[in-house]
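Encoded as structure tokens, the structure appears first; notes follow it.
2 protein chains.
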Amino acid sequence: MAALVARVFKGKAFQTVLRRNFLIILRNLSSSQLYVENFGDPSLTLKKKMYELPSSLGPKEVIVQMIMAPINPSDVNMMEGTYFVQPPLPAVMGNEGVGKVAKVGDEVRGLNVGDIIIPSDTAWGTWQTFKITSEEDVIKLPADISLLSAATISVNPCTAYRMLKDYVDLKPGDVILQNGANSGVGVSVIQLAREWNIRTINIVRDRPDFEKLKLKHSLTKLGADIVVTEEFVRTPQMKDLLKTYTSKPKLAFNCVGGQSATELIRHLGQRGVMVTYGGMSKRPVMAPTGALIFKEVVLCGYWNTSWNRRHKNDINRLTMLSDLCNLIKSSKFEPPPCEFYSLDDYKSAIEKATEGFKGGKVVFKME
Amino acid sequence: MAALVARVFKGKAFQTVLRRNFLIILRNLSSSQLYVENFGDPSLTLKKKMYELPSSLGPKEVIVQMIMAPINPSDVNMMEGTYFVQPPLPAVMGNEGVGKVAKVGDEVRGLNVGDIIIPSDTAWGTWQTFKITSEEDVIKLPADISLLSAATISVNPCTAYRMLKDYVDLKPGDVILQNGANSGVGVSVIQLAREWNIRTINIVRDRPDFEKLKLKHSLTKLGADIVVTEEFVRTPQMKDLLKTYTSKPKLAFNCVGGQSATELIRHLGQRGVMVTYGGMSKRPVMAPTGALIFKEVVLCGYWNTSWNRRHKNDINRLTMLSDLCNLIKSSKFEPPPCEFYSLDDYKSAIEKATEGFKGGKVVFKME
Numbered sequence: 001m002a003a004l005v006a007r008v009f010k011g012k013a014f015q016t017v018l019r020r021n022f023l024i025i026l027r028n029l030s031s032s033q034l035y036v037e038n039f040g041d042p043s044l045t046l047k048k049k050m051y052e053l054p055s056s057l058g059p060k061e062v063i064v065q066m067i068m069a070p071i072n073p074s075d076v077n078m079m080e081g082t083y084f085v086q087p088p089l090p091a092v093m094g095n096e097g098v099g100k101v102a103k104v105g106d107e108v109r110g111l112n113v114g115d116i117i118i119p120s121d122t123a124w125g126t127w128q129t130f131k132i133t134s135e136e137d138v139i140k141l142p143a144d145i146s147l148l149s150a151a152t153i154s155v156n157p158c159t160a161y162r163m164l165k166d167y168v169d170l171k172p173g174d175v176i177l178q179n180g181a182n183s184g185v186g187v188s189v190i191q192l193a194r195e196w197n198i199r200t201i202n203i204v205r206d207r208p209d210f211e212k213l214k215l216k217h218s219l220t221k222l223g224a225d226i227v228v229t230e231e232f233v234r235t236p237q238m239k240d241l242l243k244t245y246t247s248k249p250k251l252a253f254n255c256v257g258g259q260s261a262t263e264l265i266r267h268l269g270q271r272g273v274m275v276t277y278g279g280m281s282k283r284p285v286m287a288p289t290g291a292l293i294f295k296e297v298v299l300c301g302y303w304n305t306s307w308n309r310r311h312k313n314d315i316n317r318l319t320m321l322s323d324l325c326n327l328i329k330s331s332k333f334e335p336p337p338c339e340f341y342s343l344d345d346y347k348s349a350i351e352k353a354t355e356g357f358k359g360g361k362v363v364f365k366m367e
Numbered sequence: 001m002a003a004l005v006a007r008v009f010k011g012k013a014f015q016t017v018l019r020r021n022f023l024i025i026l027r028n029l030s031s032s033q034l035y036v037e038n039f040g041d042p043s044l045t046l047k048k049k050m051y052e053l054p055s056s057l058g059p060k061e062v063i064v065q066m067i068m069a070p071i072n073p074s075d076v077n078m079m080e081g082t083y084f085v086q087p088p089l090p091a092v093m094g095n096e097g098v099g100k101v102a103k104v105g106d107e108v109r110g111l112n113v114g115d116i117i118i119p120s121d122t123a124w125g126t127w128q129t130f131k132i133t134s135e136e137d138v139i140k141l142p143a144d145i146s147l148l149s150a151a152t153i154s155v156n157p158c159t160a161y162r163m164l165k166d167y168v169d170l171k172p173g174d175v176i177l178q179n180g181a182n183s184g185v186g187v188s189v190i191q192l193a194r195e196w197n198i199r200t201i202n203i204v205r206d207r208p209d210f211e212k213l214k215l216k217h218s219l220t221k222l223g224a225d226i227v228v229t230e231e232f233v234r235t236p237q238m239k240d241l242l243k244t245y246t247s248k249p250k251l252a253f254n255c256v257g258g259q260s261a262t263e264l265i266r267h268l269g270q271r272g273v274m275v276t277y278g279g280m281s282k283r284p285v286m287a288p289t290g291a292l293i294f295k296e297v298v299l300c301g302y303w304n305t306s307w308n309r310r311h312k313n314d315i316n317r318l319t320m321l322s323d324l325c326n327l328i329k330s331s332k333f334e335p336p337p338c339e340f341y342s343l344d345d346y347k348s349a350i351e352k353a354t355e356g357f358k359g360g361k362v363v364f365k366m367e
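Taken in sequence, the protein lines are chains U and Z.
Counting along the first sequence from 1, when you hit position 66 you're at 66 in the UniProt record's numbering, and nothing is skipped either side.
Counting along the second sequence from 1, when you hit position 130 you're at 130 in the UniProt record's numbering, and nothing is skipped either side.
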């Protein structure tokens with residue numbers, strides 16, 4: 001996998017000469033790790049420890065020095081024990097993040113010291129300073145990528161990308177709907193849709209007027225066509241607003257559930273598709289029978305982990321990352337607003353990450 | 001369309017010589033019709049009248065003498081005004097039925113006097129004794145088909161056929177689930193699945209013990225692998241029962257909604273599909289977010305009218321009808337248990353058709 005990625009991302013063969021550069025400084029290396037021994041309330045179960053890395057490295061292994069790693073909702077669910085897949089415990093937490101290759105084993109062919117990598121799969125354990133991993137378990141990104149964008153590329157932007165690509169054959173000018181539009185996935189959807197000439201109707205939770213205007217402004221600036229509140233969606237004005245488009249929405253993204261999801265279904269066009277990728281309201285998706293039978297809507301779900309596992313050695317995944325990296329490098333795809341915490345300050349970070357209406361994504365910064 | 005069907009169903013060219021046989025007896029012909037002027041409670045709005053057929057027939061028209069026509073739930077919804085498509089009023093009611101061609105226009109090429117036909121589309125108006133229609137608006141069936149089977153072929157058996165064929169690539173030995181298993185569609189599913197070596201787990205409403213055993217026996221006799229009640233599905237024994245199969249259900253059919261639909265979703269396997277074709281409980285379909293995201297279930301609906309309209313001139317429709325007719329002729333596909341009423345006795349027929357736990361399908365018999 002890494003070898004293939006290296007080719008796609010202009011792997012620089014000459015870097016092999018640098019391979020053993022860090023041998024000395026990596027001796028007796030310790031990793032500072034955030035881990036859980038038991039599932040439960042993350043504010044109680046997440047702990048920090050030091051871990052002494054083995055001094056010898058397997059021939060196909062690499063040492064990665066982590067740079068940044070966000071706290072996503074899936075991390076919180078994993079700590080709570082409510083995520084669909086769980087690592088064996090104790091486990092270092094963190095599903096997403098960016099690191100730099102600090103040392104490579106003798107038989108590693110696709111990675112070099114200094115390369116920027118992201119984990120290939122879920123539950124890799126990004127919340128630590130150093131990790132020994134297999135060459136196969138990471139994906140190399142271009143050297144000149146923004147590190148914050150790289151740290152946050154593999155969950156939200158990839159979810160948005162796949163949901164826009166894989167369910168409906170969208171044409172320029174087509175309209176899509178989404179709730180939770182200011183979520184990490186939501187803002188990724190807005191930016192990708194803007195680049196691909198897809199119009200977005202974005203629904204956010206009702207909130208104080210000042211905050212509402214600020215949020216509306218920030219989403220519009222990213223490329224949102226329309227930003228409305230959940231409250232507005234239930235008024236007759238929503239129908240009038242949709243009538244200003246020549247065609248009805250073909251696709252909707254739901255991360256809320258309950259009444260909010262039902263409203264998305266209600267405003268979809270004939271044979272529209274609603275993709276669920278989250279359930280913030282903790283309420284089930286409710287679909288009127290008539291919408292399923294007569295409007296022939298299709299309801300399905302997107303799970304990034306599953307997609308990645310099915311496409312581990314797949315050119316589609318590399319194409320997607322390449323597309324996203326190119327958009328990032330040309331400043332057409334911004335990372336989400338973030339707040340940075342050190343690993344030492346993990347208790348504040350978890351507290352911030354689990355509160356409602358937070359200002360941005362919480363990101364651990366290791367160096 | 002009729003011409004194509006005639007070829008598929010061994011159209012007998014020599015029949016053209018019989019064409020004008022009924023000219024005399026059809027003069028001054030009256031049709032006895034059940035119609036509504038306004039939508040509402042069918043027991044109040046359905047009325048009967050006599051209609052004098054025009055004496056001249058258009059060159060591409062035919063006169064059909066209706067033989068039998070059932071009352072389906074969609075007929076009741078159409079009279080109530082709650083169906084997704086509504087005919088302009090006043091309208092003769094009846095979406096399904098079988099008739100015999102009594103006279104053909106000069107330019108009709110695919111139909112002959114005596115041919116057995118069914119309507120091609122919804123809202124054709126089968127609850128009457130004679131109807132002038134276009135050659136294009138009917139489909140010819142084989143002459144030797146059972147008339148009761150023909151009268152009830154186009155809604156329930158076709159719905160079952162398409163739901164089994166079009167959503168999941170089922171292999172012999174695969175398991176499917178359905179609620180409302182004793183419905184018209186349900187018993188069609190059981191019989192087709194038996195022929196195609198698909199195993200069916202059939203869920204019926206809780207009911208008195210004697211009736212339950214009788215129903216279980218009748219469905220098992222048709223080919224049902226397992227018959228259980230809604231109550232049983234919610235017990236841990238249901239999981240044990242499913243474990244006796246090597247693979248989990250890939251496909252589920254829902255005509256109930258509410259908790260019953262949620263249970264179907266719960267027992268589906270990874271990436272399973274639930275097709276909704278009815279909503280007897282009048283409750284929406286509720287899908288847990290986790291089932292959509294992590295189990296990647298797909299929820300969709302089947303609407304026979306829409307499928308037929310999309311496949312009006314399509315070989316798939318003729319293949320389906322041909323397959324069903326062959327099964328009927330070889331006694332491998334039974335018509336549902338029926339109770340017969342004359343058009344004159346329409347008030348009792350409607351009353352019977354709209355009561356719960358009825359013994360069989362209510363069918364108007366015209367001659």
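All C-beta atoms, glycine included, are put in the ideal place defined by N, C-alpha and C.
Because the structure is a prediction, the values reported are computed rather than measured.
query	result
Between the CA atoms of E135/Z and N313/Z - distance to the nearest angstrom	13 Å
Against chain U: residues of the segment 290-303 of chain Z by CB proximity under 9 Å	G290, A291, L292, I293, F294, K295, E296, V297, V298, L299, C300, G301, Y302 and W303
Below-9 Å beta-carbon distance, F84/Z vs any chain U residue	yes
Residues that R199/U bridges to, as DSSP identifies them	V175/U
V185/Z (DSSP reduced to helix, strand or coil)	helix
Nearest-angstrom beta carbon gap, P70/U and residue 393/U [assumed within contact, 8 Å]	It is not possible to answer for residue 393/U, since the shown part of chain U is limited to 1 through 367.
Closer than 8 Å at the beta carbon, the chain Z residues around Y277/U	I293
Sufficient close CB pairs (3 or more, under 8 Å) joining the segment 289-303 of chain U to the segment 270-288 of chain Z	yes
At least three beta-carbon pairs within less than 8 Å, the segment 321-332 of chain U to the segment 322-340 of chain Z	no
DSSP bridge partner residues for N254/Z (one or two, in chain order)	T276/Z
is_contact[A150/Z, chain U] using C-beta, thresh 9 Å	no
Distance CB(K295/Z)-CB(G301/U) smaller than 9 Å	yes
Secondary structure, beta strand (DSSP E): runs of 3+ residues fully inside the segment 275-322 of chain U	285-287 and 298-301
Close beta carbons around W307/U, own chain, < 7 Å, minus the five adjacent residues each side	R162
For residue 369/Z, the three-state DSSP class (helix, strand or coil)	Because chain Z is modelled from 1 through 367, residue 369/Z falls outside the range shown and cannot be assessed.
Where S30/U sits in the DSSP three-state scheme	strand
Meets three-Cβ-pair contact criterion under 8 Å: the segment 249-266 of chain U and the segment 215-226 of chain U	no
Three-pair Cβ contact test at 8 Å for the segment 50-67 of chain Z versus the segment 92-105 of chain Z	yes
Counterpart residues of T246/Z in DSSP-defined beta bridges	For T246/Z, which the question treats as bridged, DSSP gives no partner whatsoever.
Opposing strand residues paired with V168/U [DSSP bridges]	Per DSSP, none; premise fails for V168/U.
Beta-bridge partners of Y51/Z, as assigned by DSSP	S31/Z
C-alpha distance - E52/Z paired with G125/Z, whole-angstrom precision	16 Å
Contact set for T82/U: own chain, Cβ-Cβ below 7 Å, skip 5 residues either direction	none
Validate contact between the segment 35-46 of chain U and the segment 139-153 of chain U using beta carbons, cut 8 Å, 3 pairs	no
Distance, K214/Z Cα to G94/U Cα	57 Å
Straight-line Cα distance separating I67/Z from V362/Z	14 Å
is_contact[R20/Z, chain U] using C-beta, thresh 9 Å	Since pLDDT at R20/Z reaches only 43, below the 50 mark, its modelled position is unreliable, and the value read off the structure follows with that caveat. No, R20/Z lies away from the interface with chain U (no Cβ there is under 9 Å from its Cβ).
L111/U and I117/U closer than 9 Å at C-beta	yes
Contact check, D121/Z vs T305/Z, beta carbons under 9 Å	yes
Helix, strand or coil at S43/Z according to DSSP, with G and I counted as helix	helix
Inter-residue spacing [alpha-carbon to alpha-carbon] between C158/U and S218/Z	52 Å
Through-space distance from R109/U to P172/Z, alpha-carbon basis	46 Å
Residue range of the alpha helix (DSSP H) that includes E211/U	D209 to L222
Minimum Cβ-Cβ distance from T129/Z to chain U less than 9 Å	no
T262/U at chain Z interface by Cβ criterion, 9 Å	yes
Beta strand (DSSP E) segment containing A143/U, residue limits	That residue, A143/U, is in no beta strand (DSSP E); it is neither H nor E in DSSP.
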